[in-house]
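Per mature numbering (1 follows the signal peptide of the UniProt record, and there is no 0), the sequence shown runs over residues -18 to -1, 1 to 211. The C-beta atom is built at its ideal place from N, Cα and C for all residues, glycine as well. On a predicted model such as this, the values are computed, not experimentally measured, just so you know. Structure first, commentary second.
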Amino acid sequence: MVSATQLLASLAFLGVLARSDGLHRRAIELTASKDGVNAAGYYYSLYNDNHAGADYTEYPGNGRFQLKWNVDREYLGGKGYRGGSTRKLTWDGNFKAEGDYTLAAYGCTTDPVTEWYIVEQYGTGTPGNGHILGQVNVDGGVYDVHMLLHRNVPGMYGVTNFNQLWSVRRNHHTAGSVNVTAYFKHWKELGLQPGNPVFQMMTARGVHEHWKSRFPATLRAAHESERSL
């Protein structure tokens, strides 16, 4: 599992390597862990455990990206936005996968440190698998809300405890919108504190099992009215 602090630490380091990517408009093939902000303002990220065999195609001039993999290690890749306020993530694509995977909106926050997933589709695993806090009805679907507490995790903030929040959709969904602002509101109503966004993006992820997938997709920029002020 990629913890919030471990992922944030790796992204902070790798971001230095990615600053010039936005200057190039040709597609970029990534196989090693990397993140950055492209010329169109989209944040992209790839976590590829020990060069596990995943390929991420980044299109620097727009919101397009493509993921292809057939691996037995942990992998997470996607595209979205860095910093700022919560948004509505709207995307379309062709998602096909097998094994232990998730298709989810994903992000981290600070004050407090939190890692969160809004799962639209999943495979053989049981995403969340923590304490069930309730259900919410958002984006035309019912989601079960889970919380996991991680203790004494080393990372860029030192050794810390943090919550991992999961909202898992009951009926699978492969294209449309995820209103992150609405989920933050519902989580707060359940007594949770998701914090201030570091990044938020649409991702595909797999863990500790041979699995394969292909996910060409386009993330469409949110209008100003769709952002939380």
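In DSSP terms, what residue i is bridged to
{"i": "Pro179", "result": "Thr91"}
{"i": "Val120", "result": "Gly123"}
{"i": "Phe144", "result": "His132"}
{"i": "Glu11", "result": "Thr39"}
{"i": "Asn30", "result": "Tyr57"}
{"i": "Arg151", "result": "Tyr125"}
{"i": "Tyr24", "result": "According to DSSP, Tyr24 bridges with nothing at all."}
{"i": "Gly18", "result": "Tyr26"}
Helix, strand or coil at residue i according to DSSP, with G and I counted as helix
{"i": "Thr96", "result": "strand"}
{"i": "Tyr125", "result": "strand"}
{"i": "Thr185", "result": "strand"}
{"i": "His168", "result": "helix"}
{"i": "Thr39", "result": "strand"}
{"i": "Thr163", "result": "helix"}
{"i": "Leu174", "result": "coil"}
{"i": "Thr106", "result": "coil"}
{"i": "Thr68", "result": "coil"}
{"i": "Thr84", "result": "strand"}
{"i": "Gly75", "result": "strand"}
{"i": "residue 213", "result": "The structure shown does not extend to residue 213, since the chain is modelled only from -18 to 211, so the question has no answer here."}
Cβ distance (whole Å) where residue i is taken to contact residue j below 8 angstroms
{"i": "Tyr149", "j": "Val101", "result": "Residue identity differs from the one stated: residue 149 is Ser in this sequence, not Tyr. 7 angstroms between Cβ atoms; contact."}
{"i": "Gly188", "j": "Tyr83", "result": "4 angstroms"}
{"i": "Phe181", "j": "Cys90", "result": "6 angstroms"}
{"i": "Asp185", "j": "Tyr104", "result": "The sequence given here has Thr at residue 185, not Asp. Actually they are not in contact, since the Cβ atoms of Thr185 and Tyr104 sit about 12 angstroms apart, beyond 8 angstroms."}
Beta-carbon spacing of residue i, residue j below 8 angstroms
{"i": "Asn143", "j": "His128", "result": "no"}
{"i": "Gly59", "j": "Leu28", "result": "yes"}
{"i": "Asn145", "j": "Thr92", "result": "no"}
{"i": "Glu56", "j": "Asp31", "result": "yes"}
{"i": "Ala9", "j": "Glu40", "result": "yes"}
{"i": "residue 213", "j": "Thr163", "result": "The requested residue 213 does not occur in the structure, where the chain is confined to residues -18 to 211."}
{"i": "Pro176", "j": "Leu147", "result": "yes"}
{"i": "Leu172", "j": "Gly116", "result": "yes"}
{"i": "Leu71", "j": "Phe77", "result": "no"}
{"i": "Trp73", "j": "Thr200", "result": "yes"}
is_contact[residue i, chain D] using C-beta, thresh 8 angstroms
{"i": "Val19", "result": "Among the chains in the structure shown there is no chain D, since it carries only a single protein chain."}
Notebook entry, point to check: When the Cβ atoms of the segment 59 to 74 are set against those of the segment 23 to 32, are three or more pairs found closer than 8 angstroms?
Noted result: yes
Notebook entry, point to check: Pairing CB atoms from the segment 151 to 164 with CB atoms from the segment 117 to 137, are three or more of them under 8 angstroms?
Noted result: yes
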